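Peer 1: Before I ask anything, here is the structure I am working with.
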Amino acid sequence: VKRIAECCCGQLKLMAAGDPVWNGMCHCDNCRKRTGSAFGLSAYFKSSTVQINNGEASVYKVSGANFGGDQLRYFCKNCGTTLYWTMAEQPDLIGVAAGCFVTIALDKPTYSASTENKHPWVKLPLRIKKQ
Ligand SMILES: [Zn+2]
Ligand SMILES: [Zn+2]
Numbered sequence: 201v202k203r204i205a206e207c208c209c210g211q212l213k214l215m216a217a218g219d220p221v222w223n224g225m226c227h228c229d230n231c232r233k234r235t236g237s238a239f240g241l242s243a244y245f246k247s248s249t250v251q252i253n254n255g256e257a258s259v260y261k262v263s264g265a266n267f268g269g270d271q272l273r274y275f276c277k278n279c280g281t282t283l284y285w286t287m288a289e290q291p292d293l294i295g296v297a298a299g300c301f302v303t304i305a306l307d308k309p310t311y312s313a314s315t316e317n318k319h320p321w322v323k324l325p326l327r328i329k330k331q
């Protein structure tokens with residue numbers, strides 16, 4: 201299976217082959233800000249299975265244990281959508297903003313991070329691993 205993810209304006213895209221290594225939701229404040237939503241949905245793929253097009257991206261860095269050390273977030277220069285990121289402590293993985301997949305839907309997330317910060321009205325999928 202090959203999935204395409206893209207930013208809102210469509211100029212920045214990537215293709216991920218196979219299923220993600222991890223696929224999770226995170227309720228931390230930073231994921232909310234990154235997405236402008238109630239929680240972040242993140243899918244992590246082996247870097248070798250992800251091809252990024254040559255669209256124009258800008259990058260910023262966040263740091264800390266919650267981000268896998270220094271995390272570099274790549275976002276579209278035109279529309280601002282964060283599409284993917286890399287982490288210093290997990291150099292073989294690329295994180296993809298899972299809401300950006302436009303072709304084949306991902307399975308439901310398998311873990312919920314920062315669950316203590318979850319909005320009370322968000323219902324978790326059954327049998328999800330809580331962190
Ligand atoms: Zn864009
Ligand atoms: Zn988070």
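For the sequence shown, counting from 1, position 79 maps to 279 in this note's numbering; every step adds exactly one. Cβ coordinates follow ideal geometry from the N, Cα and C atoms, glycine included. If you're wondering where the values come from, they're calculated on a predicted model, not measured in any experiment.
1) Which runs of the beta strand (DSSP E), 3 residues or longer, sit entirely within the segment 239–274?
2) Below 8 Å between beta carbons: does that hold for S258 and I294?
3) Drop a sphere of 10 angstroms on the beta-carbon of N254, count the other beta-carbons inside from all chains shown, and report buried for 16 or more, exposed for fewer.
4) Quick one: what's got a C-beta closer than 6 Å to H319's C-beta in the same chain, skipping five residues either side?
5) Any chance the CB of A313 is under 7 Å from a heavy atom of ligand 2?
6) Does ligand 2 have even one heavy atom less than 7 Å from the beta-carbon of G240?
7) Taking 5 Å as the limit, name every residue whose beta carbon sits nearer than that to some heavy atom of ligand 2, in sequence order.
8) When DSSP labels each residue in this structure, what does T286 get in the three-state scheme?
Peer 2: With the given structure in hand:
1) Whole beta strand (DSSP E) segments, 3+ residues: 240–246, 250–252 and 257–262.
2) No, they are not a contact pair.
3) When all chains shown are included, N254 counts as exposed.
4) A238
5) A313 Cβ: within cutoff of ligand 2.
6) yes
7) C226, C228 and C231
8) strand
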